[in-house]
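Shown next, in structure tokens, is the structure this report addresses.
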Amino acid sequence: MRRGWTLALASAVAVVLAGGGYVVGDRTGGRTGGRTDSKGEPSCAEVRQTAEELFRQWSKLDTDDSKRSVKVRVAADVVLVHGDCFPYATLSAMRAAVQQLDVSRDSTAMQIGAGVVACEAVLTVASECRTRP
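Quick note on the working numbering: the sequence shown kicks off at 3 and runs consecutively.
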């Protein structure tokens, strides 16, 4: 019972902090040095650069590193949330990769395969997506 209350309290605190961060970000949105548009959204160039950097970091991790699936999922979420910055083929690859990641929790090979597909959809030089053996 105590664990349930602790979890509920932690969730409430997280929601309050996230809401506070949104309000502060909304009020200071115009002070980002031109990296956002008039609505406070990042530019497509910044979104693409972020996704590319995440995939480059992902490709440098060891194949047995537990951060690999999280890193590719974050990169895929960046692409999916800002889908208007990417072509339809890239969005389709991201959706397929996310579905594969969801079903391949225990299969490293399947996670790597999903990551490679997602990476190649974003990076213009596909050889950057190859993982280390």
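Even glycine gets a Cβ: it sits at the ideal position worked out from N, Cα and C.
| Check | Outcome |
| --- | --- |
| Taking just the CA atoms, how far does D86 sit from S61? | 25 angstroms |
| According to the neighbour-count rule (16 or more other Cβ atoms, all chains shown, within 10 Å of its Cβ), is S94 buried or exposed? | exposed |
| Leaving out five residues on either side along the sequence, give the residues of the same chain with a beta carbon under 7 angstroms from the beta carbon of Q113. | R70, S71, L103, S106 |
| Quick one: using the 10 Å Cβ neighbour count with 16 as the cut-off for buried, is R132 buried or exposed? | exposed |
| Under a Cβ-count criterion, where at least 16 other Cβ atoms within 10 Å of its own Cβ denotes burial, should T126 be classed as buried or exposed? | exposed |
| Could you check which residue in A78, V118, A116, D67 has the C-alpha nearest to that of T52? | A78 |
| Regarding A95 and the ligand SAM, is the C-beta to nearest heavy atom distance less than 7 angstroms? | Inclusion of the ligand SAM in the displayed structure is not the case, the ligand content being empty and no account of it being possible. |
| On the CB-based measure, 16 or more other CB atoms within 10 Å of its CB, does T30 come out buried or exposed? | The predicted model places T30 with a pLDDT of 47, which falls under 50 and marks its position as unreliable, so this point remains unresolved. |
| In chain order, what residues of the same chain have a beta carbon less than 6 angstroms from the beta carbon of A143, not counting five sequence neighbours either side? | In the structure as shown, the chain begins at 3 and stops at 135. Residue 143 is therefore absent and cannot be evaluated. |
| Judging by CA-CA distance, which residue of V81, S45, S109 is the nearest neighbour of D66? | S109 |
| Determine the closest residue to V80 out of D64, Q101, E55, with distance taken between C-alpha atoms. | E55 |
| What does the Cβ neighbour count give for A99, buried or exposed, with the cut at 16 atoms within 10 Å? | buried |
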